[in-house]
Structure formats: C-alpha cells, structure tokens
Amino acid sequence: SSILAMLIWQTEIGIESQRRFCKFFVGLSHSRFNRRARMLLPLIRCIRQAWNQEVKTAGEFLIIDSFPVPVCQPV
-8 SSILAMLIWQ TEIGIESQRR FCKFFVGLSH SRFNRRARML LPLIRCIRQA
42 WNQEVKTAGE FLIIDSFPVP VCQPV
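For what it's worth, the working numbering labels the leading residue of the sequence shown as -8, then goes sequentially.
And the structure:
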C-alpha cells in the first residue's frame, strides 16, 4: 500500500522517474520496486478514474494519504 500511495502521489505531481522513490523502500531493490509498480498500474488507473468521476475539483480539494511511512531513520 505504501508503494501504491507513492506512485499515485508521483503521478499527481508530475514526476516521471521512479528512481527517486525506490530508495525510500529499504530492502527493496530497484528492479523489484519496478516490478511491483508495473503490477499496480491497472489498479492506479482505476483509482484515478474513480477519483476523477467523484471529485470534480478546480483546485478546491487535495486528497492526501495520511498513513505515516517510515522514510528516514534516526542516525
């Protein structure tokens, strides 16, 4: 679910490279991240289509995934 949230966010802000995001998933290789991301594409398309149908916005709303993801570890 973290990969799904990150991919949706990446698409919404217009970032095309996933290389920047795979480093946030410690223990997950770049190739494995890409495989999982490709598997999630049909689901992402369905979610975005549903959001576009239900949320007719002109910049009034922002959908945020508020589930905390441990990105940084204290040194």
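Beta carbons are placed, not taken as given, at the ideal position from N, Cα and C, and that holds for glycine.
Note that the C-beta distance between I35 and I6 is not below 7 Å. Of the residues assessed, C13 falls on the buried side of the cut-off, its CB having 16 or more other CB atoms within 10 angstroms. Scanning E3, S(-7) and I4 for the CA closest to the CA of V17 turns up S(-7). Remark: C-beta atoms of L(-5) and L31 approach each other more closely than 7 Å.
Taking M(-3) as the centre and dropping the five residues before and after it, the same chain places the C-beta of F12 closer than 6 Å to its C-beta, in chain order. Residues of the same chain with a CB within less than 6 Å of the CB of R27, apart from the 5 flanking positions on each side, are I(-6) in chain order.
Here E45 carries a helix assignment [DSSP, helix/strand/coil]. Here DSSP, grouped into helix, strand and coil, assigns F24 to helix.
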